[in-house]
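Reading through the structure tokens given below for one structure.
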Amino acid sequence: LHCALNMETVEMNSVSLKRPHSEDDVANADEIKRQKISEKSKTGNDSGQSVETVTEQPDKSLLEDTKNEIIPREESEEQEDEELEDSDEDGDPESFADMMKHGLTESDVGITKFVSSHKGFSGILKERYSDFVVHEIGKDGRVSHLDDFSVPVDDEDPSEETFTVLSDEDKQRLEELQLLKNKEASVAIEVIEDTKEKRTVIHQAVKSLFPGLETKTEDRDGKKYIIAYHAAGKKALANPRKHSWPKSRGSYCHFVLYKENKDTMDAINVLSKFLRVKPNIFSYMGTKDKRAITVQEIAVLRITAQRLAHLNKCLMNFKLGNFSYKNHPLKLGELQGNHFTVVLRNITGTDDQIEQAMHSLREIGFINYYGMQRFGTTAVPTYQIGRAILQNNWNEVMDLILKPRPGAEKGYLVKCREEWAKTKDPAAALKKLPVKRCVEGQLLRGLLKYGMKNIISAFGIIPRNNRLMYIHSYQSYVWNNMVSKRIEEYGLRAVPGDLTLKGATAVHIEEGDVDNYTIHDVVMPLPGFDVIYPKHKIGEAYKEMLVADNLDINNMRHKIRDYSLSGAYRKIIIRPQNVSWEVVAYDDPRIPLFTTDLDKLEGKPLPVLPTDGKFRALKMEFSLPPSTYATMAIREVLKMDTSIKNQTQLNTTWLR
Numbered sequence: 001l002h003c004a005l006n007m008e009t010v011e012m013n014s015v016s017l018k019r020p021h022s023e024d025d026v027a028n029a030d031e032i033k034r035q036k037i038s039e040k041s042k043t044g045n046d047s048g049q050s051v052e053t054v055t056e057q058p059d060k061s062l063l064e065d066t067k068n069e070i071i072p073r074e075e076s077e078e079q080e081d082e083e084l085e086d087s088d089e090d091g092d093p094e095s096f097a098d099m100m101k102h103g104l105t106e107s108d109v110g111i112t113k114f115v116s117s118h119k120g121f122s123g124i125l126k127e128r129y130s131d132f133v134v135h136e137i138g139k140d141g142r143v144s145h146l147d148d149f150s151v152p153v154d155d156e157d158p159s160e161e162t163f164t165v166l167s168d169e170d171k172q173r174l175e176e177l178q179l180l181k182n183k184e185a186s187v188a189i190e191v192i193e194d195t196k197e198k199r200t201v202i203h204q205a206v207k208s209l210f211p212g213l214e215t216k217t218e219d220r221d222g223k224k225y226i227i228a229y230h231a232a233g234k235k236a237l238a239n240p241r242k243h244s245w246p247k248s249r250g251s252y253c254h255f256v257l258y259k260e261n262k263d264t265m266d267a268i269n270v271l272s273k274f275l276r277v278k279p280n281i282f283s284y285m286g287t288k289d290k291r292a293i294t295v296q297e298i299a300v301l302r303i304t305a306q307r308l309a310h311l312n313k314c315l316m317n318f319k320l321g322n323f324s325y326k327n328h329p330l331k332l333g334e335l336q337g338n339h340f341t342v343v344l345r346n347i348t349g350t351d352d353q354i355e356q357a358m359h360s361l362r363e364i365g366f367i368n369y370y371g372m373q374r375f376g377t378t379a380v381p382t383y384q385i386g387r388a389i390l391q392n393n394w395n396e397v398m399d400l401i402l403k404p405r406p407g408a409e410k411g412y413l414v415k416c417r418e419e420w421a422k423t424k425d426p427a428a429a430l431k432k433l434p435v436k437r438c439v440e441g442q443l444l445r446g447l448l449k450y451g452m453k454n455i456i457s458a459f460g461i462i463p464r465n466n467r468l469m470y471i472h473s474y475q476s477y478v479w480n481n482m483v484s485k486r487i488e489e490y491g492l493r494a495v496p497g498d499l500t501l502k503g504a505t506a507v508h509i510e511e512g513d514v515d516n517y518t519i520h521d522v523v524m525p526l527p528g529f530d531v532i533y534p535k536h537k538i539g540e541a542y543k544e545m546l547v548a549d550n551l552d553i554n555n556m557r558h559k560i561r562d563y564s565l566s567g568a569y570r571k572i573i574i575r576p577q578n579v580s581w582e583v584v585a586y587d588d589p590r591i592p593l594f595t596t597d598l599d600k601l602e603g604k605p606l607p608v609l610p611t612d613g614k615f616r617a618l619k620m621e622f623s624l625p626p627s628t629y630a631t632m633a634i635r636e637v638l639k640m641d642t643s644i645k646n647q648t649q650l651n652t653t654w655l656r
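Letter by letter, the sequence shown follows residues 1 to 656 of full-length UniProt numbering.
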């Protein structure tokens, strides 16, 4: 197995979140999505700890938006893109902070209220993998853990020799044959030390490591050769041969993926490269954030646990374990939520403040805002593009995506935008863009193909998930603003005219019934053609907000079906489950403050902490349902603004 894939190293950047001098400046804190400001906007499943899947009443379009599609790209383009991204430096702290002046703050996206009464304090949330850990909670309520590397015993598995019998040169030739990269119709492998057992092992190795190839034995000049050839042409690559899989074994191998500083899609793309299969044979319940340690379940069609376990020798930044065979794949949105373990270092709060903050989080909860990740990191927020799509203003969509913008961006994007502003020539702008997979590159390619008169088709070249992310961002922007208005107007109690869910149906709370409900029962709609609105002032506020944006709340169907919004309902307050916390003292900021699944498997001891250290850290754990943002829970505890713009302006000392 070639173990030479260029995996990125774990970045351990962190930011100190200091409180502003003015007491009124209720600023806040959280997981800061920055350092490498990616040139592409965040995709739809960007959750608070990345679980944008199903809202309480699933919006059909939202579910379609996050289909398990991972489109493999041309390998050369992929490597070129990765190298360019890796080589791009962030620059010095001051210039970064300066650039981020153009970013969004929480109030720009409607995040303005808190539910608790405690006084805020500051802390540091490190973007170290050891300070932010996410464990997926499956539909049966079981929390995913990596605690077993063993492979289920199976008589049908090939011998261990299968993985070593082929030389690197043989593997190279077989891979080229499998991927139809060479002109030959077959590859011949000479059998040295010819025995029936040896030939059997080679046959097994070719078939199991290179799905789609068949083998036969031939005599040539008195020597034995194993001949590998294509069984069923190009289709074989996507669909490993069915007859080679034992009937008694479930078709799907389920396993736990433990990853550090890598998002779920990237991890699956790497696995599919190693296994030489298409990424779409993998399934999962939710995508997880990059800047964290995350533990989740994955299922893969007809790949043995034995082959997957062998990858652990090669993989950097992630591990596979807890293998089992089942008859079903995983479905997006089937999870119950995620369990978070978060360390806030160098906290300034008194013990009393911390107790108040954590009790409030446990008893009342936090406002279920869509977090800052939902709205992009640059001077052009994703919701503005979403609004232009809904308005059917395609020139504006093109302009917002391609025009020059102030703020943190990679140099080649800046040059591409300047060229576009100057010439409006897609070919000339594309030449300035070495990385082709970003939204800008895709749109320019579309304009080149369909012409400037057909922006709708050109925009359609962008993957569907990314296109829908813009309109979902606009829905989220409206929802955040309306919830802030609702809490401003009526506080933390249920009032007549509010909405609540009976099963999956929203109903209004009536005057005589109001005492039977609390704020935890209240939902508010994401705007769409299939939802109802509150019957009090906030129902009118929705209409007014959309009118101001030249949209009609009573006509959310778009002439392009993809962009029609059905809407959904979302709880306005979330009370986290399984909340626990402790304050620990420490001296060395580099020492991890708890052990991970991998530490336990490798037998690493618990860190020894001083009883009276120089610094204090708040270690907290809590569980959240899907589509809620851990950053918004942390914001409620610290009462500090979670935007990159605010953090970089409060403190421009970026620790390397």
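Cβ coordinates follow ideal geometry from the N, Cα and C atoms, glycine included.
Rounded to whole angstroms, the Cβ separation of Pro279 and Ala299 is 13 Å, and the two are not in contact under 8 Å.
Proximity to Ile124 across Asn516, Gly349, Thr200 and Ile487 peaks at Gly349, based on C-alpha coordinates. With a minimum length of 3 residues, the unbroken runs of beta strand (DSSP E) contained wholly in the segment 109-140 fall at 123-127 and 132-137.
Comparing C-alpha distances from Ala379 to each of Asn392, Tyr370, Glu355 and Glu409 shows the shortest one belongs to Glu409. Counting the other Cβ atoms within 10 Å of the Cβ of Asn261 gives 16 or more, which makes it buried. Beta bridge pairing from DSSP links Ser324 with His254. Of the residues Val342, Gln204, Arg437 and Ala305, the one whose Cα lies closest to the Cα of Arg249 is Ala305. In terms of Cβ geometry, Asp562 and Arg464 form a close pair [threshold 8 Å]. Distance from the Cα of Val343 is smallest, within the candidate group Pro626, Pro625, Thr596 and His310, for Thr596. When C-beta atoms of the segment 409-424 are compared with those of the segment 432-439, three or more pairs fall below 8 Å, so the two segments count as touching. Under the criterion of beta carbons closer than 8 Å, Phe375 and Tyr542 do not qualify as touching, at roughly 19 Å.
Nearest to Gly386 by C-alpha distance, out of Gln475, Gln577 and Ile111, is Gln475. Between Lys196 and the set Lys224, Phe210 and Leu209, the nearest pair of CA atoms involves Lys224. Per DSSP, the continuous beta strand (DSSP E) segment holding Ser580 begins and ends at Gln577 to Tyr586. The C-beta distance from Glu136 to Val277 rounds to 23 Å, too long to fall under 8 Å, and the pair is not in contact. Here DSSP, grouped into helix, strand and coil, assigns Thr162 to helix. Restricting attention to Lys453, Ile461, Asn454 and Ser473, the CA atom closest to the CA of Gly441 is found in Ile461. At a Cβ-Cβ threshold of 8 Å, Ala458 and Leu443 count as neighbours. Rounded to the nearest whole angstrom, the CA to CA distance from Ala388 to Ser144 is 41 Å. Spanning the alpha carbons of Gly337 and Phe132 requires a straight line of approximately 16 Å. Contact check for Asn480 and Tyr369: beta-carbon distance about 5 Å, within the 8 Å limit, so the pair qualifies. DSSP places Pro525 within a strand segment (E or B) once states are collapsed to three. In the three-state reduction of the DSSP assignment, Thr264 falls in the helix class, which pools H, G and I. About 16 Å separates the beta carbons of Lys619 and Asp587, which is beyond the 8 Å limit, so they are not a contact pair.
About 16 Å separates the CB atoms of Met265 and Gly333; that is not less than 8 Å, and the two are not in contact.
Rounded to the nearest whole angstrom, the C-alpha separation of Ser186 and Ala568 is 54 Å. Pairwise C-beta distances place the segment 617-632 in contact with the segment 569-581, as three or more of them are shorter than 8 Å. Nearest in C-alpha terms to Asp549, of all of Leu390, Thr642 and Ile487, is Leu390. The C-alpha of Leu179 lies about 41 Å from the C-alpha of Phe340. According to the DSSP assignment, His359 belongs to no beta strand (DSSP E) but to the alpha helix (DSSP H) extending over Asp351 to Glu363.
Note that the C-beta distance between Tyr325 and Pro152 is below 8 Å.
Between Met316 and Gly371, the alpha-carbon positions lie close to 30 Å from each other. In this structure, the alpha-carbon of Asp108 lies about 24 Å from that of Met556.
Secondary structure of Leu174 (DSSP, three-state): helix. When DSSP reads this structure, Gly337 sits in a beta bridge with Ile137. Distance between Lys537 and Trp394, taken at the CA atoms: about 33 Å.
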